[in-house]
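So the sequence shown is numbered by this note's numbering: it starts at 5 and just counts up by one. Backbone N, C-alpha and C fix where the C-beta goes; we use that ideal spot for every residue, glycine too. To start, the structure under review is shown below, and the notes come after it.
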Amino acid sequence: MKLTLPNKRRGRILFALLAVLLAVGLAPLAVISWKLIDSSKEHLKTSQQESQLMLASTIAGQLDTHLSGLRAQLLGLSRLLGGEIGPAPGDAETRARRLLSEFSDDRILLLRYSDVKQLEVASASDADVPAELEPAFLEGFVKVAEGLANHRPVDADAVAVSPPVVLPADPPRSVVLLTAPVLAGGVFRGALYAVVDLQGVWDAVVAGRGSGQAVFAVDRSGRLFASRNLLGASPGDDLSPRSGIVKRFRDRAGLQTETMPFLWSDGGAPEWYLGSYELTRDGWGVFVQARESQLYERVHQMIEEAARWALLAISFAILAAVVFAGRLSNPIDRLAEASRAFAKGDFSVRVDVRARNEIGELAETFNAMAAELEEVIRRLRRAAEENNELFLGTARALATAIDAKDPYTRGHSVRVNRYSVVLARYAGLGSQDLADIHVASLLHDVGKIGVDDAILKKPAPLTAPEFEVMKQHTVLGAQIMAPIKKMQSIIPGLRSHHERWRGGGYPDNLQGDAIPLMARIIAVADSFDAMTTDRPYQKGMTFEAAVARINELKGVAFEERIVEAFNRAYRAGEFRPETPAEPAAPALSEA
Numbered sequence: 005m006k007l008t009l010p011n012k013r014r015g016r017i018l019f020a021l022l023a024v025l026l027a028v029g030l031a032p033l034a035v036i037s038w039k040l041i042d043s044s045k046e047h048l049k050t051s052q053q054e055s056q057l058m059l060a061s062t063i064a065g066q067l068d069t070h071l072s073g074l075r076a077q078l079l080g081l082s083r084l085l086g087g088e089i090g091p092a093p094g095d096a097e098t099r100a101r102r103l104l105s106e107f108s109d110d111r112i113l114l115l116r117y118s119d120v121k122q123l124e125v126a127s128a129s130d131a132d133v134p135a136e137l138e139p140a141f142l143e144g145f146v147k148v149a150e151g152l153a154n155h156r157p158v159d160a161d162a163v164a165v166s167p168p169v170v171l172p173a174d175p176p177r178s179v180v181l182l183t184a185p186v187l188a189g190g191v192f193r194g195a196l197y198a199v200v201d202l203q204g205v206w207d208a209v210v211a212g213r214g215s216g217q218a219v220f221a222v223d224r225s226g227r228l229f230a231s232r233n234l235l236g237a238s239p240g241d242d243l244s245p246r247s248g249i250v251k252r253f254r255d256r257a258g259l260q261t262e263t264m265p266f267l268w269s270d271g272g273a274p275e276w277y278l279g280s281y282e283l284t285r286d287g288w289g290v291f292v293q294a295r296e297s298q299l300y301e302r303v304h305q306m307i308e309e310a311a312r313w314a315l316l317a318i319s320f321a322i323l324a325a326v327v328f329a330g331r332l333s334n335p336i337d338r339l340a341e342a343s344r345a346f347a348k349g350d351f352s353v354r355v356d357v358r359a360r361n362e363i364g365e366l367a368e369t370f371n372a373m374a375a376e377l378e379e380v381i382r383r384l385r386r387a388a389e390e391n392n393e394l395f396l397g398t399a400r401a402l403a404t405a406i407d408a409k410d411p412y413t414r415g416h417s418v419r420v421n422r423y424s425v426v427l428a429r430y431a432g433l434g435s436q437d438l439a440d441i442h443v444a445s446l447l448h449d450v451g452k453i454g455v456d457d458a459i460l461k462k463p464a465p466l467t468a469p470e471f472e473v474m475k476q477h478t479v480l481g482a483q484i485m486a487p488i489k490k491m492q493s494i495i496p497g498l499r500s501h502h503e504r505w506r507g508g509g510y511p512d513n514l515q516g517d518a519i520p521l522m523a524r525i526i527a528v529a530d531s532f533d534a535m536t537t538d539r540p541y542q543k544g545m546t547f548e549a550a551v552a553r554i555n556e557l558k559g560v561a562f563e564e565r566i567v568e569a570f571n572r573a574y575r576a577g578e579f580r581p582e583t584p585a586e587p588a589a590p591a592l593s594e595a
């Protein structure tokens, strides 16, 4: 029977039915939601602007009220001070200190009097005067002196107000310096300063206000000096680069009030906010702002409520569609899942579909095809295993024939083979590298086939010319295997297993990482077996002595990493004095 497969990809039946029902049920809801959002946004935006402007105006007005009251108090105190120091200048310091120490207002942190003769009296120790305020003291003195020189009336407006000053603390705290002129007998005698706790005034003003919104105040240059619910900013920060509305306030400082949408960044991605500000009497800006997403949250809640009821109404229709579509799509899903498993190599998978329709016929055809292919794959695997075993058997026979030429090294290739595979495993090599090393170590001395037996079997140390001939067995081994495609990956182990880590080996005098990894591993295994094997001219070492010698040559003849793997394997009991059994053959690649 010839199976004709469809050449067009089809959509899922369940999804198609669900899509139709969802479109019919949710389309009207989507249109209604869009209309509601569109009609409600402007109303909410207008209401929010009015609320923000009212809050900003209220806070700005109360800040002005506090500062106006403090101006009036300071001016009154300066007049009393002028009256006290007027009659007897010699006692001015004592009378001024008494007057300042008797004054009490929780909003004022420090009072200080400075006269034109550089007399200074403070209500607290000089150590309590922050160094950051010294420039403000000087500037206030100059302002009130210039005001008198220009014949300005000595009223509350004559009291100079400094820009807010942020004092270092944890957290930072903002203060403002008020300066009033001191006259005695109509003559300017000095200046009276009041360090006002601006942070305390701010906290009292904003207490219980602006819930859910950020409320903050900046000076004329856009620097923050007080805030509530404002994330990612600290007193003293310049907010102009981060806030569109603060930048507009700074650039258009003469504008009394404004409201606008703007971008605000609190360290992450910029977000859209709606904000308003009001100007205080001293030119500071009081801001109220909130996220636009927060503003429209009530609209979204209304849409979600409507959607919840709408979804409940259509859920029954969806349930019916799922049941109906499931009867059609489930068998197809099982067939598709079996096909995917089959494609991943699970040739035993079958599809159990009992439908008496086209889908059932398709499932039966798939099962028949899968059974045929599984049998073909089984035969191919069996043939590959037999071929691999034949190849390894040939390699073992060849290695045995090589060892047979020299009766003193009988079993050498098998032992080196086992040692090399153990070392490769402890060095963390993968399965394919293990397979390559398995063959390479077994055939590492195959080149000795081309070495004269007189040299190979000589029962005494070789002369220099004879050793040069013997060294050629690595090159001969590589040349013998070069024409065989399947042997290409093992040639580096045959040619380079007598190279030395720091150089001086043969045949190419390689060193370091230039020596192939499999050759570095075989070199350790080959040397260890040579050290522990009896020769006519040399008694084999004990295993312990050979291990010590291998470690002496670490970093000189052998790579340190391979020697460390050798040490771990030895401690684990992988190397034993008895002749090791031949290792299991890893699977070989077809390359």
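*Just the C-alpha distance for LYS461 and HIS477, rounded to the nearest angstrom, thanks.*
14 Å
_DSSP state of LEU81 mapped onto helix, strand, coil_ = helix
*Quick one: what's got a C-beta closer than 7 Å to LEU171's C-beta in the same chain, skipping five residues either side?*
PRO134, GLU136, ARG177 and VAL179
*So which of LYS147, PRO185, ALA527 and ALA173 has the shortest CA-CA distance to VAL158?*
PRO185
*Do you know offhand how far GLN3's Cα is from SER280's?*
Absent from the model: residue 3. The displayed extent of the chain is 5 to 595, so no value can be given.
*Does the Cβ-Cβ distance between VAL199 and LEU181 come in under 8 Å?*
yes
*Can you give the Cα-Cα distance for GLU275 and LEU235, rounded to whole angstroms?*
13 Å
*What number of angstroms, rounded off, separates the C-alpha of ALA482 from the C-alpha of ALA428?*
21 Å
*Under 6 Å Cβ to Cβ from ALA128, same chain only, skipping five residues before and after it: list those, please.*
LEU114
*What number of angstroms, rounded off, separates the C-alpha of ALA585 from the C-alpha of SER531?*
Caution is warranted here: a pLDDT of 45 is assigned to ALA585, below 50, making its placement in the model unreliable, and the coordinate value is therefore given only provisionally. The straight-line gap from Cα to Cα measures roughly 18 Å.
*Determine the direct distance from the alpha carbon of ARG499 to that of ILE484, and round the result to whole angstroms.*
11 Å
*Output yes or no for whether 8 Å exceeds the beta carbon distance between PRO167 and LEU202.*
no
*How about ARG116 and LEU74: are their beta carbons less than 8 Å apart?*
no
*Is SER247 near PHE266, with beta carbons less than 8 Å apart?*
yes
_THR8, buried or exposed, once every other Cβ within 10 Å from all chains shown has been counted against 16_ = Only weak support is given to the placement of THR8: the predicted model assigns it a pLDDT of 44, under 50, and the value that follows is read from those uncertain coordinates. When all chains shown are included, THR8 counts as exposed.
_Just to confirm, is the Cβ distance from LEU672 to ALA96 under 8 Å?_
Any answer about residue 672 is impossible in this case: the structure gives the chain only from 5 up to 595.
*Since LEU187 contacts GLY80 with CB under 8 Å, what's their CB separation in whole angstroms?*
The Cβ separation is near 13 Å, so there is no contact.
*Using DSSP with H/G/I as helix, E/B as strand and the rest coil, what is LYS452?*
helix
*Using 10 angstroms around the beta-carbon of LEU323, count the other beta-carbons present and answer buried if the total reaches 16, otherwise exposed.*
exposed
_For the alpha helix (DSSP H) containing PRO636, name the first residue and the last one._
Not covered by the structure: residue 636. The range shown for the chain is 5 to 595.
*Length at least 3, wholly inside the segment 252 to 306: the beta strand (DSSP E) runs in chain order*: 261 to 268, 275 to 283 and 289 to 295
_Tell me the residue span of the alpha helix (DSSP H) that contains GLY194._
No alpha helix (DSSP H) contains GLY194, which is instead part of the beta strand (DSSP E) from 191 to 200.
*CA-CA distance, GLY501 and ARG575?*
The residue asked about is misnamed: residue 501 is His in this sequence, not Gly. In a straight line, the C-alpha of HIS501 is about 24 Å away from that of ARG575.
*For VAL250 and MET264, the rounded distance between their alpha carbons*: 11 Å
*Going by Cα to Cα distance, which pick from ALA439, ASP440, VAL426 and ASP286 is closest to ASP161?*
ASP286
_Bridge partners - PRO112, DSSP secondary structure assignment_ = Correcting the residue identity first, residue 112 is Ile in this sequence and not Pro. According to DSSP, ILE112 bridges with VAL200.
*Would you call the CB atoms of THR183 and ALA173 closer than 8 Å?*
no
*Closer than 8 Å by C-beta to ASP270: which residues in its own chain qualify, once you throw out the five before and the five after it? Chain order, please.*
LEU235, GLY236, ALA237 and ARG246
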